[in-house]
Amino acid sequence: MNIVVAMKQIPDLQQIRIRDRQPIFEDVPLTLGSIDKNALEAAVQIKEQQDAQVTVLSVGDENVEDTIKEAMAAGADQCYLVLDDELKNAESSVTAVILAAALQQMEDKPDLILFGEGSGDNYSGQVGSRVAAILDLPQVGFASSIVVEDGRATITRSLENSEEVVEVSLPAVVTVMADINEPRIPSVSQILKAGRKPKEVVEPDELDVSIEAGKIDTISNLAPETERKRIVVKSVDELIQALSSEALIGR
Amino acid sequence: MTAILIYSDQDGFALELATAARSLAPDQLKAVTVNNDAQAQVLTDAGVDVLKINNDGIVLADVAVVAAVLAQAAEKANADVILLTSNRRGKELSGRLAQLTGAGCLTDVSHITAEGGNIQGRRNALGGATVAMQAINTDKKVFALMPRSFEPASGSGGSMEDLVVNIPAASVKLVEIKEKSGDNVDIEAAEVLVTVGQGLADVSQLPAVEELAKKLGGEVACSKPVATDKKWLSEERIIGLSGKKCKPKLAVILGISGQVQFTVGIRDAKTIISVNTDENAFMNTMADYILVGDLHQAVEELNSKL
Numbered sequence: 001m002n003i004v005v006a007m008k009q010i011p012d013l014q015q016i017r018i019r020d021r022q023p024i025f026e027d028v029p030l031t032l033g034s035i036d037k038n039a040l041e042a043a044v045q046i047k048e049q050q051d052a053q054v055t056v057l058s059v060g061d062e063n064v065e066d067t068i069k070e071a072m073a074a075g076a077d078q079c080y081l082v083l084d085d086e087l088k089n090a091e092s093s094v095t096a097v098i099l100a101a102a103l104q105q106m107e108d109k110p111d112l113i114l115f116g117e118g119s120g121d122n123y124s125g126q127v128g129s130r131v132a133a134i135l136d137l138p139q140v141g142f143a144s145s146i147v148v149e150d151g152r153a154t155i156t157r158s159l160e161n162s163e164e165v166v167e168v169s170l171p172a173v174v175t176v177m178a179d180i181n182e183p184r185i186p187s188v189s190q191i192l193k194a195g196r197k198p199k200e201v202v203e204p205d206e207l208d209v210s211i212e213a214g215k216i217d218t219i220s221n222l223a224p225e226t227e228r229k230r231i232v233v234k235s236v237d238e239l240i241q242a243l244s245s246e247a248l249i250g251r
Numbered sequence: 252m253t254a255i256l257i258y259s260d261q262d263g264f265a266l267e268l269a270t271a272a273r274s275l276a277p278d279q280l281k282a283v284t285v286n287n288d289a290q291a292q293v294l295t296d297a298g299v300d301v302l303k304i305n306n307d308g309i310v311l312a313d314v315a316v317v318a319a320v321l322a323q324a325a326e327k328a329n330a331d332v333i334l335l336t337s338n339r340r341g342k343e344l345s346g347r348l349a350q351l352t353g354a355g356c357l358t359d360v361s362h363i364t365a366e367g368g369n370i371q372g373r374r375n376a377l378g379g380a381t382v383a384m385q386a387i388n389t390d391k392k393v394f395a396l397m398p399r400s401f402e403p404a405s406g407s408g409g410s411m412e413d414l415v416v417n418i419p420a421a422s423v424k425l426v427e428i429k430e431k432s433g434d435n436v437d438i439e440a441a442e443v444l445v446t447v448g449q450g451l452a453d454v455s456q457l458p459a460v461e462e463l464a465k466k467l468g469g470e471v472a473c474s475k476p477v478a479t480d481k482k483w484l485s486e487e488r489i490i491g492l493s494g495k496k497c498k499p500k501l502a503v504i505l506g507i508s509g510q511v512q513f514t515v516g517i518r519d520a521k522t523i524i525s526v527n528t529d530e531n532a533f534m535n536t537m538a539d540y541i542l543v544g545d546l547h548q549a550v551e552e553l554n555s556k557l
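Chains as they are written, first to last, in our numbering: chain A, 1 to 251; chain B, 252 to 557.
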């Protein structure tokens, strides 16, 4: 079975600083989306139970070649990268078209295509659904469990107030929740071996696909202004008094 | 004239979408319902014109099928703009529907306005570190709106019309629907949240926190590590980027330093109290009332005095 995990390169969000409400990206290291790592772990766990090959697929600028090593160390067998400077920060609809083209070009036809339910940075959650639509594949989002058997997958989809157990025939697109598993930390030897795993790097031209214009315009992107009172109270009594005067307690 | 089409799997959220649609254009609103006559009635009672789809071949769990029928409804309604709810069902649907209709798509939108002939949506970006104003530059647009960001619509004089659609072959088989086991708390609906972080010394201190939440008429919530690492509370109670985004009237934040991954889930609270031993905790800059001190003592004192 061929499992493809789509992963997105993002800036390490913990290290973004804000100056004059503007995000500063200088010297911020690149990493992979946190829920994407859960998707990879889900793939690796399936591979541990049955004959499967795990391919990581990513679209972005040339830095992805380095960033993706993390995924290779964490259990992927190989990677397929579509790289172009114009694909840096590509909008969801653009990325989806490229990913779908790559999936169609792969020599080993994908059976299960996994995504995180949202990227770490934009968390828009559309790319998996868009790819499924382009390839006309069934999809199941927000998976909290995936069991693959005889060309079918039984998936638990976690909704806000209930869980659905569904069956799909493969190939299918599945997006996973962060709580589906705990991604493993690669050992030193796995990290050392990561660089030697097979890697295919292509440009969008080679996939017979052009980079479309993004469908979203960003008018502004600023840290929110916090308009809070910031009143320091000296005691619990003072706090209770303040809350009473705002009618927040004693209703 | 083009219409604004709304769809939600939840009746209450559908009414919120109606309000949002009317804020963009007062009289271009149309709703579509799928196998849900009760919702069609609720919307009609609120003055909305409803296209009713009833077909046993449609299962909501099959997003591919639902997206396909909504695309047909949009065409029938001559709608360029589609508003969905940004709950899990709606979010999953939005990308597929946008792709089918050639639309640009924004999800998790907390506010929309008509500006200069286009619609601008507000949403968190960079994991919540920033808030972006964005617009869709294609004619067809799909917006998924955050639950509880708009008041439910009211009105009168709506209408109902049956809509017959072509159903593509089912792609997903629904085996079972399970109630979520364990904790069924809905912290997003709570008016008061008493929220604990890593400053909570021990799980034995939780009952006192629960008592305080009860006295304030609210629920206990937590930052992510309290649930995922320490497992003191269920993951249903996590506030933040990977948890719930809540806007209670009152949020009491106990022993939380205030990283953006947390604050994104609570910064829309009306009033925030931060109790922290560190007077320079970032959380304090986002608080209305700050009590510098030990949270355990503060909770005990509050419990005895409230």
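We put the beta carbon where it would ideally sit given N, CA and C, even for glycine.
Only a predicted model underlies this, so the values are computations on that prediction, with no experimental measurement involved.
On a Cα-Cα basis, can you pick out the residue from A/Val44, A/Ile35 and A/Leu81 that is closest to A/Val202? With distances taken between Cα atoms, A/Val202 lies closest to A/Leu81.
Span of the beta strand (DSSP E) holding B/Phe221? Residue 221 of chain B is absent from the structure shown; chain B starts at 252 and stops at 557.
For A/Pro204, which three-state DSSP category applies? Three-state DSSP puts A/Pro204 in a helix.
Nearest to B/Val503 by alpha carbon, out of B/Lys495, B/Thr528 and B/Ala472? Residue B/Ala472 holds the alpha-carbon nearest to the alpha-carbon of B/Val503 among B/Lys495, B/Thr528 and B/Ala472.
Top-ranked residue by Cα proximity to B/Gly491, from B/Val526, B/Glu530, B/Thr446 and B/Ala272: It is B/Thr446 whose Cα lies nearest to the Cα of B/Gly491.
With 16 other Cβ atoms within 10 Å as the buried cut-off, status of B/Ala289: B/Ala289 comes out exposed.
Contact criterion: CB-CB distance below 9 Å. Does A/Ala133 meet it with respect to chain B? Yes, contact with chain B.
On the DSSP bridge list, what partners appear for B/Met411? DSSP output for B/Met411 lists B/Val301 as bridge partner(s).
Secondary structure of B/Ala365, DSSP reduced to three states: If DSSP states are grouped into helix, strand and coil, B/Ala365 belongs with the strands.
Residue span of the alpha helix (DSSP H) that contains A/Phe115, given as start and end: According to the DSSP assignment, A/Phe115 belongs to no alpha helix (DSSP H) but to the beta strand (DSSP E) extending over Leu112 to Gly116.
What do you get for A/Phe142, buried or exposed, if any count of 16 or more other CB atoms within 10 angstroms of its CB means buried? Within a 10 Å sphere around the beta-carbon of A/Phe142 sit 16 or more other beta-carbons, which makes this residue buried.
Tell me the DSSP secondary structure of A/Pro29 in three-state form. Coil, per DSSP.
Whose Cβ in chain A lies nearer than 7 Å to the Cβ of B/Ser493? Within chain A, the residues near B/Ser493 are Ala178.
For A/Ile46 versus A/Leu112, is the C-beta distance shorter than 9 Å? For A/Ile46 and A/Leu112, yes; Cβs fall inside 9 Å.
Is there a C-beta anywhere in chain D that falls below 9 Å from the one on A/Lys8? The structure shown contains no chain D; its protein chains are A and B.
If contacts are defined as beta-carbon pairs under 8 Å, then A/Ala100 and A/Leu135 qualify, I think. What distance do you get, rounded to the angstrom? Going by Cβ atoms, the distance from A/Ala100 to A/Leu135 rounds to 5 Å, so yes, they are a contact pair.
List the residues of chain B whose Cβ lies closer than 8 Å to the Cβ of A/Gly141, in chain order. Neighbours of A/Gly141 in chain B, taken as residues at a C-beta separation under 8 Å, are given in chain order as Val314, Arg339, Lys342 and Glu343.
For A/Val127, which residues in chain B fall below 8 Å Cβ to Cβ? What A/Val127 touches in chain B: Gly346.
With respect to the beta strand (DSSP E) encompassing B/Met384, which residues constitute its N-terminal and C-terminal limits? For B/Met384, the uninterrupted beta strand (DSSP E) segment begins and ends at Thr381 to Ile387.
Mapping DSSP to helix, strand and coil, what is B/Pro458? Helix at B/Pro458.
Quick check on A/Thr154: does DSSP put it in helix, strand or coil? A/Thr154 falls in the strand class under three-state DSSP.
Does the contact criterion of 3 or more C-beta pairs under 8 Å hold for the stretch 68-77 of chain A versus the stretch 28-45 of chain A? The stretch 68-77 of chain A is in contact with the stretch 28-45 of chain A.
Would you say A/Gly253 reaches chain B, if we count a Cβ-Cβ gap shorter than 9 Å as a contact? The displayed coordinates of chain A run from 1 to 251. Any statement about residue 253 of chain A would go beyond what the structure contains.
Residue-level contact to chain B via CB, A/Ser34, 9 Å cutoff: It does; some Cβ of chain B falls within 9 Å.
Neighbour list for A/Arg19 in chain B, Cβ cutoff strictly below 8 Å: For the C-beta of A/Arg19, not a single chain B residue is nearer than 8 Å; the gap to the nearest is close to 12 Å.
Ignore the nearest five residues each way along the sequence and tell me which others in A/Ala90's own chain have a CB closer than 8 Å to its CB. Around A/Ala90: Val59, Gly60, Ile98, Ile211 and Gly214.
Between the stretch 425-440 of chain B and the stretch 273-292 of chain B, do at least 3 Cβ pairs fall closer than 8 Å? Touching, no, given that fewer than three Cβ pairs across the two stretches are closer than 8 Å.
State the Cα-Cα distance for the pair A/Ala42 and A/Asp51, rounded to the nearest angstrom. For A/Ala42 and A/Asp51, the distance between alpha carbons rounds to 14 Å.
Have a look at B/Leu542, B/Gln512 and B/Lys281 and flag the residue whose alpha-carbon is nearest the alpha-carbon of B/Gly408. Just measuring C-alpha positions, the residue of B/Leu542, B/Gln512 and B/Lys281 sitting nearest B/Gly408 is B/Lys281.
Taking the alpha carbon of B/Asp307 as the reference point, which residue from B/Glu442, B/Ala271 and B/Val415 has its own alpha carbon closest? Between B/Asp307 and the set B/Glu442, B/Ala271 and B/Val415, the nearest pair of CA atoms involves B/Val415.
From B/Asp359, B/Asn527, B/Val310 and B/Asp331, residue whose alpha carbon lies closest to that of B/Ala254: Residue B/Asp331 is the option with its Cα nearest to B/Ala254.
Ends of the alpha helix (DSSP H) at B/Val320? Taken as a continuous stretch (DSSP letters only), the alpha helix (DSSP H) holding B/Val320 covers Val314 to Lys327.
State yes or no: is the beta carbon of A/Pro198 nearer than 9 Å to at least one beta carbon in chain B? Judged by the 9 Å Cβ criterion, A/Pro198 is not in contact with chain B.
Can you find a C-beta in chain B that's less than 9 Å from the C-beta of A/Asp205? Taking 9 Å as the threshold, the shortest C-beta distance from A/Asp205 to chain B does not fall below it.
Quick one: is A/Asn89 near chain B, going by C-beta distance under 9 Å? For A/Asn89, the answer is no, since every Cβ of chain B falls outside 9 Å of its Cβ.
Identity of the residue in A/Ala153, A/Glu163 and A/Val236 nearest B/Ser422 by Cα: Out of A/Ala153, A/Glu163 and A/Val236, A/Ala153 has the C-alpha closest to the C-alpha of B/Ser422.
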